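Written out below as structure tokens is the structure these notes cover.
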Amino acid sequence: MSIVYYHRKQFLVDRGVYEPAEDTFLLADNLNIHPHEQVLELGTGCGLLAILAAEAGARVVATDVNQAALECARANAVTHGVVNRIDFRLGDLFEPVAGERLDLVIFNPPYLPVCPGEALGTPLDKAWEAGADGRAVIDPFLNNLSNHLTKAGQGLFVQSSLSDLSKTLKVLREKGLRFSMTRKKLPFEELFLFRVFK
Ligand SMILES: C[S@@+](CC[C@H](N)C(=O)[O-])C[C@H]1O[C@@H](n2cnc3c(N)ncnc32)[C@H](O)[C@@H]1O
């Protein structure tokens with residue numbers, strides 16, 4: 000187990016669960032939650048982003064494909080006193096919220112390109128493994144995002160320079176979604192933070 004701090008808030012990260020990193024903190028710094036809004040965090044990991052959203056007054060659905068992540072997130076939510084504001088659901092992408100629309104959908108997706116045959120596929124590896132082009136998860140996410148946003152809903156997600164930024168821009172434009180984008184340079188990649196407007 001490890002401990003991660005964000006603005007002096009402490010989060011426990013169990014073995015087998017993604018440890019919050021630059022991508023997580025880029026999202027955390029830009030959450031901009033409005034009280035009472037309905038938030039979905041896909042792939043919550045240790046729950047840091049879902050917990051910040053709940054602390055800001057949102058009602059949150061937090062999902063993951065990794066059961067260990069959901070248990071870790073729930074334990075952190077108990078510690079932070081917001082477990083009653085977060086609904087934890089196991090499942091792939093939007094499957095746990097079939098038929099539901101949210102005001103804000105947050106996602107820090109797996110985006111590391113991994114050659115076929117090299118993927119390990121353990122629950123922890125699924126936090127970063129994203130197929131040969133790094134788009135195995137972000138593409139279905141982008142294709143379904145607007146179906147799960149309320150009329151004025153927004154999507155907030157990160158994308159790496161390792162997984163074809165131009166494809167994301169193309170898909171968003173094809174879908175007629177307006178967006179803003181900010182960037183953050185890291186030693187071996189660049190991160191892009193997207194806020195998408197329906
Ligand atoms: C990069 S980690 C981000 C974790 C956490 N949100 C954060 O920012 O620290 C990606 C998370 O998404 C989960 N995940 C991967 N594929 C998923 C999918 N298809 N549906 C839902 N969650 C998924 C992983 O298990 C992992 O917890």
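Take 0 as the starting number for the sequence shown in numbering that gives the first Met the number 0 and just add one per residue. Yeah, the Cβ is synthetic: ideal placement off N, Cα and C, and Gly gets one too. Keep in mind that this is a model prediction, so the values were computed, not measured.
| Asked | Found |
| --- | --- |
| Alpha-carbon to alpha-carbon, phenylalanine 87 and isoleucine 137 | 21 Å |
| Leucine 26 versus Ala67, Pro108, Val81 and His79, residue with shortest Cα-Cα distance | Pro108 |
| Exposure of leucine 51, with buried meaning 16 or more beta-carbon neighbours within 10 Å | buried |
| Cut-off 7 Å between Cβ atoms - residues of its own chain near threonine 149, not counting five sequence neighbours on either side | Arg100, Leu101 and Asp102 |
| Boundaries of the beta strand (DSSP E) in which aspartate 102 is found, first to last residue | 101-106 |
| Residue from His6, Gln9, Val104 and Val77 whose Cα sits closest to the Cα of valine 157 | Val104 |
| Where the beta strand (DSSP E) through lysine 174 begins and ends | Counting along the chain, lysine 174 falls outside any beta strand (DSSP E), and DSSP gives it neither H nor E. |
| 8 Å CB neighbourhood of leucine 171 in its chain, flanking five on each side removed | Leu141, Phe178, Phe193 and Val195 |
| One or two residues paired with methionine 180 in a DSSP bridge | Phe193 |
| Endpoints, the alpha helix (DSSP H) within which arginine 73 is located | 66-78 |
| Assigned secondary structure, glutamate 21 (DSSP; H/G/I helix, E/B strand, else coil) | helix |
| In DSSP terms, what alanine 61 is bridged to | Glu40 and Phe87 |
| Any non-hydrogen atom of ligand 1 closer than 7 Å to proline 109 Cβ | yes |
| Best match in Ala126, Pro139 and Glu189 for proximity to glycine 208 [C-alpha to C-alpha] | In the structure as shown, the chain begins at 0 and stops at 197. Residue 208 is therefore absent and cannot be evaluated. |
| Segment limits, alpha helix (DSSP H) that includes isoleucine 285 | There is no way to answer for residue 285, as the model of the chain reaches only from 0 to 197. |
| Isoleucine 32 and glycine 56 closer than 8 Å at C-beta | yes |
| Same chain only: Cβ atoms within 7 Å of glutamate 36, ignoring 5 sequence neighbours per side | Ala57, Asp102 and Leu103 |
| Residue nearest to lysine 174 in terms of C-alpha spacing, selected from Glu70, Pro95 and Leu144 | Leu144 |
| Euclidean distance between Cα positions of aspartate 13 and leucine 30 | 24 Å |
| Pick from Leu92, Tyr4 and Arg182 that is closest to valine 75, judged by C-alpha positions | Strictly speaking, residue 75 in this sequence is asparagine, with valine absent from that position. Answer by Cα proximity: Tyr4. |
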